[in-house]
Amino acid sequence: MSERATILSWTEHGAIDDAQAALSAAGVLPSARHWRTFLDRLLLWSGAAALGVAVVFFIAYNWSALGRYAKFGLLQIAIVAAVVAYWRLGPERASAKAALLVACIVLGALLALVGQTYQTGADTFELFAAWGALIVPWVIVGRYAALWVMWLALANLAAALYFSTFGGWLGFVFTGESPLWLLFALNTLALAVWELAATRIDWLASRWAPRVIAVASGVAVAMLALHAVLDGDAGDAIAVLAYATWLACGGYVYVRLRRDLFMLAGGCLSAIVVVTAFLGRHLFALGGGAGAALLIALAVIGMAAASGWWLRQLAAESAE
C-alpha cells in the first residue's frame, strides 16, 4: 500500500485527525519543486503546440500577401529549425521532443500548401495519409507518447475520410457504418498493442495515452451499439455482440490484469447510455409517456448508483 493510501485508510478509521497535515509530513503532497516541474512541462508543450499552429495561421492569414516561394520557404525553414533543435538539444530532453512535435505539425501544413498551390487533385484522406506516413521516422525516433497519439489521430482521420468517400474495399465486411467499424477495429488494436508494449517499454507506461485511445475505441463501438439499438435491424445484432464483447474484455483486463478505474468508469458510462437508449426506444414505442420517462429516470439512477458502488469497492481493494 502506498503512503497516500495508508494515510487515507488511517483517516477513515479515525487514527488520524488531520489528513492534510499527515500527507504533507509524509511528503505525499506536491512540493514547490513538483509544481515548478509541472508548470515547466505544461508551458513547454502548450508553447510547442501553439508555435506549430501559429505558423499555420500566419500562412493562412497572409495568404494573399505572401508569394509562393515565401510560403514554402517559411514552412521549410520552420521544419528545418525544429529538426536542428531536436538534434542539438539531444533526444532525451523534453524540449527536443517538443521540437519534433512542432516539426510534425508544420509538415502537415506544408503538404496542405503543396496541394493548394499546385491543385494536385488529391482527396483529403490522402493528405492525412501522407502526413502520417512521412512523420513515422520522427515518431519512432522521438520515443514519446504524444507523438504516437498524434500519429494515431492522423491514421483515424485518413481511414474515416477514405471510407466515407469511397465505401472501401472492405465494404463487404464493414457495411452501413463502415467508418465506425474501421475506427473501432483500428483503435482497439492500437490499445491492445500499447498495453502489451507498455509492460516492456518504459516510456509507454504513462496512462493518459491508452486512456485516450480507449475513449476513441469506446465511442466508436458505443455508437455502433446505439445505431443497432435505435434502428432495431436484425443485421445489427453483430454490433451489439461486438459491444458486449468489448465491455467484457475491457472489464476483465482492467479489473484482473491492470486495475484502471478510469477505463472501468468509461465502460460503466457507456453501458448506461446504451441501456438507456434501449429502454427509451421500447418503452416510448409502447406509449408509456410520463410513466416511461419516470421508469427510465429510475433506471439511470440505479445504474449510476450501482456503478459508483462497484468502482468504490475496486478503489478500496486497490488501496489495500
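Heads up: the sequence shown begins at 1 in the working numbering, then just goes up one per residue. All C-beta atoms in this analysis are idealised placements derived from N, C-alpha and C, irrespective of residue type, glycine included. Treat the numbers as computed from the prediction; the structure is a model and nothing was measured.
- In this structure, L127 and L75 do not form a Cβ contact; the two beta carbons are roughly 14 Å apart against a cut-off of 8 Å.
- For S307, the closest alpha carbon among the candidates R281, S46, V273 is that of V273.
- Following the DSSP letters along the chain, one finds Y252 inside the alpha helix (DSSP H) bounded by residues 237-252.
- Here the C-alpha atom of A271 lies approximately 10 Å from the C-alpha atom of A265.
- Judged by DSSP in its simplified three-state form, R143 adopts coil rather than helix or strand.
- From the listed residues G291, R259, A299, the smallest Cα separation to R312 is found for R259.
- Runs of the alpha helix (DSSP H) lying entirely within the region 198-232 and spanning at least 4 residues, in chain order: 208-231.
- Counting along the chain, L74 sits inside the alpha helix (DSSP H) bounded by residues 68-89.
- In this structure, the beta-carbon distance from A109 to V193 does not fall below 9 Å.
- Assigned with DSSP and collapsed to three states, G289 falls in coil, not helix or strand.
- Across the set W35, S164, V83, the C-alpha of V83 shows the shortest separation from the C-alpha of P137.
- For G280, the closest of L298, G267, M263, L269 by C-alpha to C-alpha distance is L298.
- For the set L101, G47, Y162, the Cα lying nearest the Cα of V149 is the one of L101.
- Collapsing the DSSP output to three states places S64 in coil.
- Collapsing the DSSP output to three states places Q119 in coil.
- Between I238 and the set V221, G251, C249, the nearest pair of CA atoms involves V221.
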